[in-house]
Amino acid sequence: MDENEARIREDRKALRQLLSQSESARSELLSKTSSLESKTHRIESFKKEALEILQDLKNQRQQLESAYGKLTELENMKDEFISITTHELKTPLTPIKLQTQMWLSGLYGPLDERQQKSMKIMLRNTERLLHLIDDLMTLAKLNAHKLKFEFQDLDINQLITDVVTDMKEQAEEKNIYLKYEVSEKPLLIHADPQRIMQVIVDLTNNAIKFTDEGGVTIKAKQQRGYVIISVQDTGIGLPQNDLDNIFKRFYQSDHGITRTRGGSGLGLAIVKSILTRHGSRIWVESKKGRGTTFYFSFPKIHGG
103 MDENEARIRE
113 DRKALRQLLS
123 QSESARSELL
133 SKTSSLESKT
143 HRIESFKKEA
153 LEILQDLKNQ
163 RQQLESAYGK
173 LTELENMKDE
183 FISITTHELK
193 TPLTPIKLQT
203 QMWLSGLYGP
213 LDERQQKSMK
223 IMLRNTERLL
233 HLIDDLMTLA
243 KLNAHKLKFE
253 FQDLDINQLI
263 TDVVTDMKEQ
273 AEEKNIYLKY
283 EVSEKPLLIH
293 ADPQRIMQVI
303 VDLTNNAIKF
313 TDEGGVTIKA
323 KQQRGYVIIS
333 VQDTGIGLPQ
343 NDLDNIFKRF
353 YQSDHGITRT
363 RGGSGLGLAI
373 VKSILTRHGS
383 RIWVESKKGR
393 GTTFYFSFPK
403 IHGG
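Here the sequence shown is numbered in the working numbering, starting from 103 and rising by one per residue.
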């Protein structure tokens, strides 16, 4: 009997332990279930927020695409307006320039000193307007990708020599020198000769314009597989603020230098755009009162 009671007590004890373990497991299960439900709820909440963000991004993208389309349309309209306007402006200016030159040549009879002075002022301002119109037309074509480029292998040394020959008289009128430093051996690059000639002429014209003593030197040299072209002057130089902004369209120095010596603020913007289309880069080094040097580079053609 005692033996049976002892067994019953052990069985009861084992049962209580089993029930306790079962209750503990049940509590743990309920806790984990609650935690899982909480996490599931948070996941659903995050998912909802993510979907809302995605929808917002989609709406913003559509708005940006719409705005970009309108900006593109306006940009095209602006370029077309500039093209039409510059053409209409250039049409009457060309015969005015021609007639002024004919008067100055004496074709219509002699002019006294006052008349000659007036005609020269008229011619100078007409040429300035025509140059500005040409710059606007070039810039509009560059923006619209309508300016044609004809790439070929060319000798940059010969191009520089031609520029110096053509512009030497312009420098001599200011009593400054214009010279080049190039090797006798051809230095070949792949580029549009007309556009690169325009780049060198514009940079040289600027250098002459802003140099009163000394002169301008155009160089070309090979360096680590590249051809580096530079236009160096001994002119007035530029402050740091100008160096940071000089290639922006219509930028003119706060110091009034550009205004007093003429210039539209478009020339360097055009130069940079032309070189960008060539995959080239341009940079400038200058110190106020110590002159300015513009550099641009091209990969050297093997064998050149």
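Yeah, the Cβ is synthetic: ideal placement off N, Cα and C, and Gly gets one too.
Since this is a predicted model, take the numbers as computed values, not measurements.
Looking only at its chain, what residues have a beta carbon closer than 6 Å to the beta carbon of residue i, apart from the 5 residues adjacent to it on each side?
i: Tyr170; result: none
i: Leu249; result: Lys243
i: Lys323; result: Ile330
i: Leu159; result: none
i: Asp335; result: Ala309, Thr313, Val318, Gly393, Thr394
i: Glu190; result: none
i: Arg114; result: none
i: His380; result: Ala293
i: Phe352; result: Gly367
i: Ala116; result: none
Residues bridged to residue i by DSSP?
i: Ala293; result: Gln254
i: Trp385; result: Tyr397
i: Gln300; result: In DSSP, Gln300 forms no bridge with anything.
i: Ser332; result: Lys321, Tyr397
i: Lys134; result: Answer by DSSP bridge pairing: none, since Lys134 is not bridged.
i: Tyr279; result: Gly317
Near residue i, which residues of its chain fall below 8 Å by C-beta distance, leaving aside the five closest residues on each side in sequence?
i: Lys270; result: Leu280
i: Leu206; result: Leu213, Gln218, Met221, Lys222, Leu225
i: Asn106; result: none
i: Ser124; result: none
For residue i, which residues in the same chain have their Cβ closer than 7 Å to its Cβ, ignoring the five residues on either side in sequence?
i: Ser285; result: Asn259
i: Glu283; result: Thr319, Lys321
i: Gln414; result: Residue 414 falls outside the range modelled here, since the chain spans only 103 to 406, and no answer is possible.
i: Phe148; result: none
i: Arg163; result: none
i: Arg144; result: none
i: Ile198; result: Thr228
i: Ser382; result: Phe398, Ser399, Phe400
i: Val373; result: Val301, Asp304, Leu305, Ile384
Is residue j closer than 7 Å to residue i when the C-beta atoms are compared?
i: Lys390; j: Gly339; result: yes
i: Thr188; j: Ile235; result: yes
i: Thr228; j: Leu195; result: yes
i: Asn245; j: Asp181; result: yes
i: Phe396; j: Val386; result: yes
i: Asp304; j: Gly367; result: no
i: Leu446; j: Ile184; result: In the structure displayed, the chain extends from 103 to 406; residue 446 sits before or after that span and is not available.
i: Leu290; j: Ile403; result: yes
i: Ile302; j: Val265; result: yes
i: Phe251; j: His292; result: no
i: Ala371; j: Phe400; result: no
i: Arg297; j: Ile376; result: yes
Any heavy atom of the ligand MN closer than 6 Å to the CB of residue i?
i: Pro197; result: As far as ligands go, the structure on display features none, and thus does not contain the ligand MN.
Q: Pair every Cβ in the segment 253-268 with every Cβ in the segment 222-240, then say whether three or more of these pairs are closer than 8 Å.
A: no
Q. Which residue spans inside the segment 205-273 form an unbroken alpha helix (DSSP H) run of at least 4?
A. Counting only runs of 4 or more, we get 215-245.
(Q) Using a Cβ distance threshold of 8 Å, determine whether the segment 138-158 contacts the segment 207-217, with at least three qualifying pairs required. (A) no
(Q) For the structure I just gave you, are there three or more beta carbon pairs, one from the segment 305-314 and one from the segment 337-351, closer than 8 Å? (A) yes
Q) Can you list, in chain order, the stretches of the alpha helix (DSSP H) that have 4 or more residues and sit fully within the segment 136-214? A) none
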